[in-house]
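Report on one structure; see the data block that follows.
2 protein chains.
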Amino acid sequence: MAWDTERTRRLLLEAATAEFSAHGPDGARVDRIATQAGVNKERIYQYFGSKDALFDAVIAHELGEVTADVPIVGSGPDAIGEYAAALLERIVARPELGRLIAWEGLVRGTEIEGRDERWRHCRDKIAAVQAALPGVDDRQAGHLLLTIVTLTDGWRVFPQLGAMFVGDGARPEAQEERRRELRAVAVVLAERAVADAAAASAASGS
Amino acid sequence: MAWDTERTRRLLLEAATAEFSAHGPDGARVDRIATQAGVNKERIYQYFGSKDALFDAVIAHELGEVTADVPIVGSGPDAIGEYAAALLERIVARPELGRLIAWEGLVRGTEIEGRDERWRHCRDKIAAVQAALPGVDDRQAGHLLLTIVTLTDGWRVFPQLGAMFVGDGARPEAQEERRRELRAVAVVLAERAVADAAAASAASGS
DNA sequence: CGAAACTGCAACTGTCGAGTTGGATTTGAT
DNA sequence: ATCAAATCCAACTCGACAGTTGCAGTTTCG
Chain W
15 MAWDTERTRR LLLEAATAEF SAHGPDGARV DRIATQAGVN KERIYQYFGS
65 KDALFDAVIA HELGEVTADV PIVGSGPDAI GEYAAALLER IVARPELGRL
115 IAWEGLVRGT EIEGRDERWR HCRDKIAAVQ AALPGVDDRQ AGHLLLTIVT
165 LTDGWRVFPQ LGAMFVGDGA RPEAQEERRR ELRAVAVVLA ERAVADAAAA
215 SAASGS
Chain R
15 MAWDTERTRR LLLEAATAEF SAHGPDGARV DRIATQAGVN KERIYQYFGS
65 KDALFDAVIA HELGEVTADV PIVGSGPDAI GEYAAALLER IVARPELGRL
115 IAWEGLVRGT EIEGRDERWR HCRDKIAAVQ AALPGVDDRQ AGHLLLTIVT
165 LTDGWRVFPQ LGAMFVGDGA RPEAQEERRR ELRAVAVVLA ERAVADAAAA
215 SAASGS
């Protein structure tokens, strides 16, 4: 078997993703990550430098995946609804990123690593929303996306709220129900954004 | 000066609220809480038993306050909009509870302390929504509340998202803008819930 | 006054965990 | 075969932190 440094790196990243997602930057244990990956703890420092840097690497990696996994297809409010539903489905199947983002927000605030690249991602998404909803401006598209992403991430970050307000969120039926609800919410908000845009354009055009 | 055990307890609770909100159950330091409160660390164990128990006490205390602070006044979709706006205003002024709930959700999941009392709070809120929006059933009211609470809490829990999508969320104008947006979202969703309820009642009535 | 409870203070214990180090072993390339 | 890089292993350092203890001063209340 060849020296497969990419494999070692990948194993560490996968184990770290699970560990950081479950316990956060403070609760995560470097030893557990190493054991879980079946790799020596010392390797982590060779590859990533520090626990914090590993956390950043994990987030950057996960973020790259979700963007590719869940595109906005089609156009019109329904397309936004489908996007929201797909995003929720994805976060149920892979809750890691939502939780990681929450840990990051709580611990680091807005001072995040790799801000530039992430900002580019967000601009792209905003542009994609605008492509699907012609006439909607940056601000409206940004708020719409913020609302959708907050609701999807929040579903797995505040599980108590779901359990209290709509019954245990781990139940498959609850997942499905919430997915329908979120899709409907996204559609309604997208329709509103389009209507606002039309009204604004009519006002300025007259 | 008389022995004021309530004051000692209150000082500890206040300091613990700030510390846990800022750093979470894992990141919080018992020594810092004691120093901040101007009370000896040992007192914490006399009064609350353990770091974990102190965390639970902090959440229970904060939760009691918010329910009293932000009621639903009036009726109709606009009342729900006002409620959402007031909730966001409150979380900007006192971000502690939102962050505590997030820490709790991330670390403890749905297995929370004092579940019964909290469940009662939630039932009350759902009933209050139904009082403001006649005809709306439990499920719809629950989803509406879940959406509103997730969006308000998320605003301070995912500060990066706000910064990326709508500009730095710490700016006062951004706060105000998001507040208007959230109010509008809540109104739209409340209107939709009412319309759904009317349609359902018409269908069953015919 | 005197016992009992409350508090402050400071040092202590024991554990846990991040990061390091040195040496042995394996592997691919030349 | 040989060398350099990648890996494993195990023990180690060092600091941090939760929780404890003993003691001395203070307040309350009988």
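As they're listed, the protein sequences go chains W and R. Take the first sequence: its letters are residues 15 to 220, numbered as in the numbering used here. Take the second sequence: its letters are residues 15 to 220, numbered as in the numbering used here. A virtual CB, placed ideally from N, CA and C, is assigned to each residue, including glycine.
Among the options, nearest to residue i - alpha-carbon criterion
i, options, result
"Glu191 of chain R", "R:Gly176, R:Asp151 and R:Glu205", "R:Gly176"
"Ile73 of chain R", "R:Pro91, R:Leu111 and R:Val53", "R:Leu111"
"Arg122 of chain W", "W:Ile94, W:Gly38 and W:Ala100", "W:Gly38"
"Pro109 of chain R", "R:Ala36, R:Gln154, R:Glu187 and R:Gly90", "R:Ala36"
"Ala145 of chain R", "R:Arg132, R:Ala93 and R:Thr124", "R:Ala93"
"Ala209 of chain W", "W:Thr166, W:Val150 and W:His75", "W:Val150"
"Cys136 of chain R", "R:Ala155, R:Ala42, R:Glu125 and R:Leu147", "R:Ala155"
"Val202 of chain R", "R:Arg153, R:Glu79, R:Glu96 and R:Val84", "R:Glu96"
"Asp182 of chain R", "W:Asp66, W:Arg153, W:Leu26 and W:Leu27", "W:Arg153"
"Glu79 of chain R", "R:Ala184, R:Pro173, R:Ile126 and R:Arg132", "R:Arg132"
"Glu305 of chain R", "W:Phe172, W:Leu147, W:Ala204 and W:Arg57", "Limits of chain R in this structure are 15 at one end and 220 at the other, which puts residue 305 of chain R out of reach."
"Leu196 of chain W", "W:Val163, W:Ser215, W:Leu120 and W:Phe179", "W:Val163"
"Thr49 of chain W", "W:Gln174, W:Leu27 and W:Ala67", "W:Leu27"
"Val84 of chain W", "W:Ala107, W:Ala67 and W:Gly63", "W:Ala107"
"Arg129 of chain R", "R:Phe62, R:Leu147 and R:Asp70", "R:Asp70"
"Glu125 of chain R", "W:Met178, W:Ser64, W:Asp66 and W:Arg134", "W:Met178"
"Arg134 of chain R", "R:Gln60, R:Thr81 and R:Gly41", "R:Thr81"
"Ala207 of chain R", "R:Ser218, R:Pro186, R:Leu147 and R:Ala198", "R:Leu147"
6 Å Cβ shell around residue i - same chain, five flanking residues per side excluded
i, result
"Ala213 of chain R", "none"
"Arg193 of chain R", "Ala99 and Leu102"
"Ala211 of chain W", "Gly149 and Val150"
"Val180 of chain R", "none"
"Glu205 of chain R", "Pro91"
"Leu221 of chain R", "Outside the displayed span of chain R (15 to 220) sits residue 221 of chain R, for which this structure offers no information."
"Glu127 of chain R", "Asp70"
Counted within 10 angstroms of its Cβ, other Cβ atoms place residue i as buried (16 or more) or exposed
i, result
"Asp45 of chain W", "exposed"
"Met15 of chain R", "Unreliable placement is indicated for Met15 of chain R, whose pLDDT of 44 sits below 50; no coordinate value is reported for it."
"Gly88 of chain R", "exposed"
"Leu200 of chain W", "Looking at the sequence shown, residue 200 of chain W is not Leu but Ala. Buried, because 16 or more other Cβ atoms sit within 10 Å of the Cβ of Ala200 of chain W."
"Gln174 of chain R", "buried"
"Ala216 of chain R", "exposed"
8 Å Cβ shell around residue i - same chain, five flanking residues per side excluded
i, result
"Ile105 of chain W", "Leu111, Gly112, Thr166, Asp167, Trp169 and Arg170"
"Arg43 of chain W", "Glu33 and His37"
"Ala188 of chain W", "Gly176, Val180, Gly181 and Asp182"
"Asp66 of chain W", "Pro39"
"Ala184 of chain W", "Pro173"
"Ala116 of chain W", "Asp167 and Val171"
"Ala198 of chain R", "Gly95"
Neighbourhood of residue i by C-beta distance below 7 Å, restricted to the same chain and skipping five residues each side
i, result
"Leu114 of chain R", "Phe34, Ser35, Val72, Ile73 and Glu76"
"Ala29 of chain W", "Ile47, Gln50 and Ala51"
"Leu68 of chain R", "Ala30, Ile58 and Phe62"
"Pro186 of chain R", "none"
"Gln60 of chain W", "none"
"Ala41 of chain R", "Going by the sequence as given, residue 41 of chain R is Gly instead of Ala. Excluding sequence neighbours, Gly41 of chain R sits near nothing in its chain."
### Query
Mind listing which residues of the stretch 168 to 186 of chain W have their C-beta closer than 9 Å to chain R's C-betas, in chain order?
Gly168, Trp169, Arg170, Val171, Phe172, Pro173, Gln174, Leu175, Gly176, Ala177, Met178, Phe179, Val180, Gly181, Asp182, Gly183 and Ala184
### Query
Are at least three pairs of beta-carbons, each pair with one atom in the stretch 19 to 30 of chain W and one in the stretch 51 to 70 of chain W, less than 8 Å apart?
yes
### Query
Counting pairs of beta carbons, one from the stretch 156 to 176 of chain R and one from the stretch 126 to 144 of chain R, are three or more of them closer than 8 Å?
yes
### Message
Using a Cβ-Cβ cutoff of 7 Å, what residues of the stretch 199 to 218 of chain R are near chain W? List them in chain order.
### Response
Val199, Val202, Leu203 and Arg206
### Task
Note down, in chain order, all residues in the stretch 150 to 165 of chain W with a beta-carbon under 8 Å from any beta-carbon belonging to chain R.
Arg153, Gly156, His157, Leu159, Leu160, Thr161, Val163, Thr164 and Leu165
#### Entry: Contact residues within the stretch 40 to 70 of chain R, judged by C-beta distance below 8 Å to chain W
Asp40 and Gly41
### Task
With 9 Å as the C-beta to C-beta threshold (strictly closer), list the residues of the stretch 95 to 118 of chain W near chain R in chain order.
Arg113, Ile115, Ala116, Trp117 and Glu118
#### Entry: Residues of the stretch 122 to 137 of chain R with Cβ closer than 7 Å to any Cβ of chain W, in chain order
Gly123, Thr124, Ile126, Arg132, Trp133 and Cys136
### Task
Note down, in chain order, all residues in the stretch 25 to 36 of chain W with a beta-carbon under 7 Å from any beta-carbon belonging to chain R.
none
### Query
Quick one, which residues of the stretch 76 to 91 of chain W are near chain R if we go by CB-CB under 8 Å, in chain order?
none
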